[in-house]
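Line by line, the protein sequences are chains A and B. Everything in the first sequence is counted per our numbering, starting at 1 for the first residue and increasing by one. Everything in the second sequence is counted per our numbering, starting at 1001 for the first residue and increasing by one. The C-beta atom is built at its ideal place from N, Cα and C for all residues, glycine as well. None of these values were measured; they are calculated from a predicted model.
2 protein chains.
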Amino acid sequence: MDSTKTDKVPEPTLRRLPWYLSVCRLLKAQGETFVSSTRLSKETNIVASQIAKDLSFVDIVGRTRVGYEIDNLLEVLEAFLGFTSIHKAFLFGAGRLGGALLNDSGLKQFGLEIVAAFDSNPRLVGHSISGIPVYHISDLEKIIRRHPVKIGILTVPINNAQEVADKMVVWGIKAIWNFTPLRIRVPDDIVVQNTSLYAHLSLMFNRLGSIEENNEIKGGKK
Amino acid sequence: MDSTKTDKVPEPTLRRLPWYLSVCRLLKAQGETFVSSTRLSKETNIVASQIAKDLSFVDIVGRTRVGYEIDNLLEVLEAFLGFTSIHKAFLFGAGRLGGALLNDSGLKQFGLEIVAAFDSNPRLVGHSISGIPVYHISDLEKIIRRHPVKIGILTVPINNAQEVADKMVVWGIKAIWNFTPLRIRVPDDIVVQNTSLYAHLSLMFNRLGSIEENNEIKGGKK
């Protein structure tokens, strides 16, 4: 991997690349072999010039008229997005959401393999969920020495979130996928990816509310 | 709700408000009754002036020195974020991720109640998951007439995503919570909230990769 190149990929580009990947998968399933920027644009509602710019960050060259070879674009995008190499992870908090992630074999297809889970609930510790062992959080040191894992998934209740994040950092976790609605505090060199379903929910409620109110206002004016 | 006010709340503010809510919940559990901007700042790593600005959008007044009353701030934030009123939703695609959301009773605490699920798998249709009935997608028209629901959760495979989204729109769904990695195309007046776990995963891989490469480069220079 060319680090100088990777460093410079803007986050909006990184957010759009999975959309192009999905379109390629769909078109491939439909038997297509080439995809043009125009077609990608039509399928994603993103302007073609932006797509060309985004794809200039990945190592792919399109051909005049026909566009990109789908198999090639798929391969390059999957590798670029990190989906082809397996990244091992620990999961912290095997409750509702955590349990659901342990059951989601889809994550492995996208390069994430959960190799162990941690919890403090005696009904879970010592058992396994979807074949993944659940350890007590106090065993983290022992387990991480055996499996030097870099990624931690945080699905504990908010009252434990900071404490567990601190433990992860102490024992060498470098990236935290934070599903809690708490903003965890970590040193600068730790990657935090926030995925709070509840924050997304409130964004949707808010936008839906605004739209409905606007329609009511419009309706009232008629 | 004051629509002119709601319309103007910037999205970054809406993304930060749930963090303040989480802090309030934690502090309340610890027996605190007031929270200052400074304290909120310390707990969230967001500068106090930004917090004051964000909270100016919600209907709350702080007191000099002591700050905001926690019970009051909790109540106001929960209402503002839409977590206190129940929004009914249909779920489309009761597979792995969809099934996990049906099992996640936490959503209801945040104002989202899934009242029915739709799938085409004969092993699921006619059964119920966590007490929520699963119907065949062809029954959508019939069911939505009985339950005029505005929110649809999209957890189908990408090859069905656009088709199912089109159906939702036809039958009156106004907001789509899209968990697929596909960029669905909908009319302008439909709210789409994208929550692609895989897109978040690739962002995290990318940032983790950059950090590790930087460390290797630094290490190599020593």
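Buried versus exposed call for residue i [16 or more other C-beta atoms within 10 Å across all chains shown]
{"i": "D1054 of chain B", "result": "buried"}
{"i": "H1147 of chain B", "result": "exposed"}
{"i": "G1131 of chain B", "result": "exposed"}
{"i": "Q1209 of chain B", "result": "Inspection of the sequence shows that residue 1209 of chain B is occupied by Gly rather than by Gln. The residue in question, G1209 of chain B, is buried, as its Cβ has 16 or more Cβ neighbours within 10 Å."}
{"i": "R1183 of chain B", "result": "buried"}
{"i": "P231 of chain A", "result": "Because chain A here runs from 1 to 222, residue 231 of chain A falls outside it and cannot be looked at."}
{"i": "R1145 of chain B", "result": "exposed"}
{"i": "K167 of chain A", "result": "buried"}
For residue i, the nearest candidate out of the options (CA to CA)
{"i": "L140 of chain A", "options": "A:G152, A:G131 and A:R123", "result": "A:G152"}
{"i": "Y198 of chain A", "options": "B:M1168, B:H1136, B:I1143 and B:F1110", "result": "B:F1110"}
{"i": "G172 of chain A", "options": "A:V186, A:N159 and A:A161", "result": "A:V186"}
{"i": "L124 of chain A", "options": "A:R145, A:L102 and A:L107", "result": "A:L102"}
{"i": "A1165 of chain B", "options": "B:V1192, B:A1100, B:K1142 and B:V1149", "result": "B:V1192"}
{"i": "R63 of chain A", "options": "A:I51, A:Q162 and A:F34", "result": "A:F34"}
{"i": "S972 of chain B", "options": "A:R96, A:R15 and A:E43", "result": "Outside the shown range of chain B (1001 to 1222) lies residue 972 of chain B, about which nothing can therefore be said."}
{"i": "A94 of chain A", "options": "A:H127, A:V76 and A:L107", "result": "A:H127"}
Closer than 7 Å: residue i CB and nearest the ligand MN heavy atom
{"i": "F1080 of chain B", "result": "In terms of ligand content, the structure shown is empty, and the ligand MN therefore cannot be addressed."}
Interface flag, residue i vs chain A, CB-CB below 8 Å
{"i": "G1098 of chain B", "result": "no"}
{"i": "R1207 of chain B", "result": "yes"}
{"i": "W1171 of chain B", "result": "no"}
{"i": "E1141 of chain B", "result": "no"}
{"i": "M1168 of chain B", "result": "no"}
Where the beta strand (DSSP E) through residue i begins and ends
{"i": "K1088 of chain B", "result": "H1087 to F1092"}
{"i": "V191 of chain A", "result": "V191 to N194"}
{"i": "L154 of chain A", "result": "I151 to L154"}
{"i": "V1115 of chain B", "result": "L1112 to D1119"}
Coil, strand or helix - residue i by DSSP
{"i": "N178 of chain A", "result": "strand"}
{"i": "G62 of chain A", "result": "coil"}
{"i": "G220 of chain A", "result": "Caution applies to G220 of chain A, whose pLDDT of 47 falls short of 50 and renders its modelled position unreliable; the value that the coordinates give is listed next. Of the three classes helix, strand and coil, the one that applies to G220 of chain A here is helix, per DSSP."}
{"i": "S245 of chain A", "result": "The displayed coordinates of chain A run from 1 to 222. Any statement about residue 245 of chain A would go beyond what the structure contains."}
{"i": "H136 of chain A", "result": "strand"}
{"i": "G1067 of chain B", "result": "strand"}
{"i": "V1047 of chain B", "result": "coil"}
{"i": "F1034 of chain B", "result": "strand"}
{"i": "R1025 of chain B", "result": "helix"}
{"i": "W19 of chain A", "result": "helix"}
is_contact[residue i, chain B] using C-beta, thresh 8 Å
{"i": "T44 of chain A", "result": "yes"}
{"i": "F158 of chain A", "result": "It is Ile, not Phe, that sits at residue 158 of chain A in the sequence shown. Yes - at least one Cβ of chain B is within 8 Å of the one on I158 of chain A."}
{"i": "H200 of chain A", "result": "yes"}
{"i": "F90 of chain A", "result": "no"}
{"i": "T57 of chain A", "result": "In the sequence as presented, Thr is not what sits at residue 57 of chain A; that position holds Phe. Cβ-Cβ to chain B under 8 Å: no for F57 of chain A."}
{"i": "N103 of chain A", "result": "yes"}
{"i": "R15 of chain A", "result": "yes"}
{"i": "L27 of chain A", "result": "no"}
Span of the alpha helix (DSSP H) around residue i
{"i": "Q1109 of chain B", "result": "G1106 to Q1109"}
{"i": "L81 of chain A", "result": "Taken as a continuous stretch (DSSP letters only), L81 of chain A belongs to no alpha helix (DSSP H), as it is neither H nor E."}
{"i": "L1124 of chain B", "result": "Careful: L1124 of chain B lies outside any alpha helix (DSSP H) and carries neither H nor E."}
{"i": "D166 of chain A", "result": "I158 to V170"}
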